[in-house]
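What follows is a set of notes on a single structure, which appears directly below.
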Amino acid sequence: MNKQSMGGDFLFATRIGCMDGRVSRPIEEFVRGLLTPAEGQELVIDVIPAPGMDAILAGESNFAPIEQYRKMAEISVEHHGSRLAIVSGHNRCAGNPCTDERHNGHIHKAVETVRGWGLFETVIGVFVDPERDVHIAVPAEESVAVAA
Ligand SMILES: [Zn+2]
């Protein structure tokens, strides 16, 4: 089955990151800058949230088993046809209170984890700063074009 047809009227992407509501809109806007839905299609974003998700996926938090989030990602990919995952960490994170530098390290490891699942065509790591600006911490692999 052609994955591209699975979404139908919707073009899905997947946000894997903190439950913190402050990062939702900035990341949604970031995704809108990457993906252009086809005529008549609406871009929608599945959310896989947890407090301090970057630390969880880096293996440095015991909040919940990583497997649980892999299963959620599977639904996003296999049932919705999402091909793009945005993995995020952010400043002033209650679930993962640490320096920006440490977040950067967690985001790198988290992207490795999600790429290791082999589900998404493209995985990008981002950091959301105190002004809620989104910075690319881990770009898409050069060989993989961002799904459009
Ligand atoms: Zn957070």
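Just so we're aligned, residue 880 is where the sequence shown starts under the numbering used here, counting upward by one.
Don't be surprised by glycine CBs; every beta carbon is placed ideally from N, CA and C.
Keep in mind that this is a model prediction, so the values were computed, not measured.
Review point. Apart from the five residues just before and just after arginine 1011, which ones in its own chain have a Cβ nearer than 7 Å to its Cβ?
Key: Arg901 and Pro905
Point to revise | Residues near isoleucine 935 in its chain [Cβ-Cβ closer than 6 Å; skip 5 each side] | key: Ala929 and Phe942
**Study point:** Spatially closest choice to isoleucine 895 from Ser967, Phe1006 and Cys977, by CA coordinates
**Key:** Ser967
**Study point:** At least three beta-carbon pairs within less than 8 Å, the stretch 962-978 to the stretch 1001-1008
**Key:** yes
Review point. CB-CB under 7 Å to glutamine 920, same chain, minus the five flanking residues each way: which ones, in chain order?
Key: Asp888, Phe889 and Leu890
**Study point:** Nearest-angstrom Cα separation, counted from alanine 1016 out to valine 993
**Key:** 14 Å
Point to revise | isoleucine 954 - partner residues in DSSP beta bridges | key: Isoleucine 954 is not bridged to any residue.
Review point. Aspartate 899: beta carbon under 6 Å from a heavy atom of ligand 1?
Key: yes
Exercise for review: Would you mind sorting histidine 1014 into buried or exposed? The rule is 16 or more other CB atoms within 10 Å of its CB.
Suggested key: exposed
Check your understanding: Where does glycine 1033 sit, in a helix, a strand or coil, going by DSSP?
Key -> Nothing can be reported for residue 1033: it is not among the residues displayed for the chain, which extend from 880 to 1027.
Review point. For aspartate 925, which three-state DSSP category applies?
Key: strand
Check your understanding: Relative to ligand 1, is the shortest distance from any of its heavy atoms to the C-beta of glycine 984 smaller than 6 Å?
Key -> no
Point to revise | Closest by C-alpha distance to methionine 932, when choosing among Ala917, Leu922 and Tyr948 | key: Tyr948
Review point. Beta carbon of cysteine 972: closer than 6 Å to some heavy atom of ligand 1?
Key: yes
Exercise for review: Tell me whether threonine 978 is buried or exposed, calling it buried when 16 or more other Cβ atoms sit within 10 Å of its Cβ.
Suggested key: exposed
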